[in-house]
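Structure first, commentary second.
In UniProt numbering, the protein residues as written are 1 to 152.
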């Protein structure tokens, strides 16, 4: 059974084995948290761009980058760069993770508020969806809230 822990602070300070990076499927990490991941993990970014070009980065199929510590889970919340995130896309990717939790080899994972920043989704919808799916894992789940963010 999952342990879900809410943390106020910087996701990059998380003790989790995996950090979740919300992405699009076009190979662009130009703003927000994704841009910070790109700066910190340039090899991961190049791998992500290749996946987008090859069509393996797609909605409902997050990809795990294991050539860094921590590992990075590129989690598509939208198809196009300038589009809003969609709740059903987040749901599809969460379902994918839960179904494959054993084969992924993950024991702890840190999420931002998926799609609730630049993606313009409501945290009041996204948060319960995340908890509903992630509570069916055996992971320690950290959900990071930016300092000063009172919308959770």
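Even for Gly, the Cβ is constructed at its ideal location relative to N, Cα and C.
Assign residue 37 to one of two classes, buried (16 or more other C-beta atoms within 10 Å of its C-beta) or exposed (fewer than that). Of the residues assessed, residue 37 falls on the buried side of the cut-off, its CB having 16 or more other CB atoms within 10 angstroms.
Since residue 133 is in the alpha helix (DSSP H), which residue starts that stretch and which ends it? For residue 133, the enclosing alpha helix (DSSP H) begins and ends at 123-134.
Rounding to the nearest angstrom, what Cα-Cα distance links residue 68 and residue 47 in this structure? Near 12 Å, if we compare the C-alpha coordinates of residue 47 and residue 68.
Between the C-alpha atoms of residue 144 and residue 1, what's the straight-line distance to the nearest angstrom? When the Cα atoms are used, residue 144 and residue 1 turn out to be separated by approximately 20 Å.
Assumed close pair residue 19, residue 110 - CB separation to whole angstroms, cut-off 8 Å: Between residue 110 and residue 19 the Cβ distance is about 5 Å, and since that is below 8 Å, they are a contact.
Whose CA, out of 81, 71, 4 and 76, lies closest to the CA of residue 56? It is 76 whose Cα lies nearest to the Cα of residue 56.
Residue span of the alpha helix (DSSP H) that contains residue 34, given as start and end: Unbroken alpha helix (DSSP H) run through residue 34: 32-40.
Leaving out five residues on either side along the sequence, give the residues of the same chain with a beta carbon under 6 Å from the beta carbon of residue 149. Within the same chain, residue 149 has no close Cβ partners at all.
Taking just the CA atoms, how far does residue 78 sit from residue 105? Between residue 105 and residue 78, the C-alpha separation is close to 26 Å.
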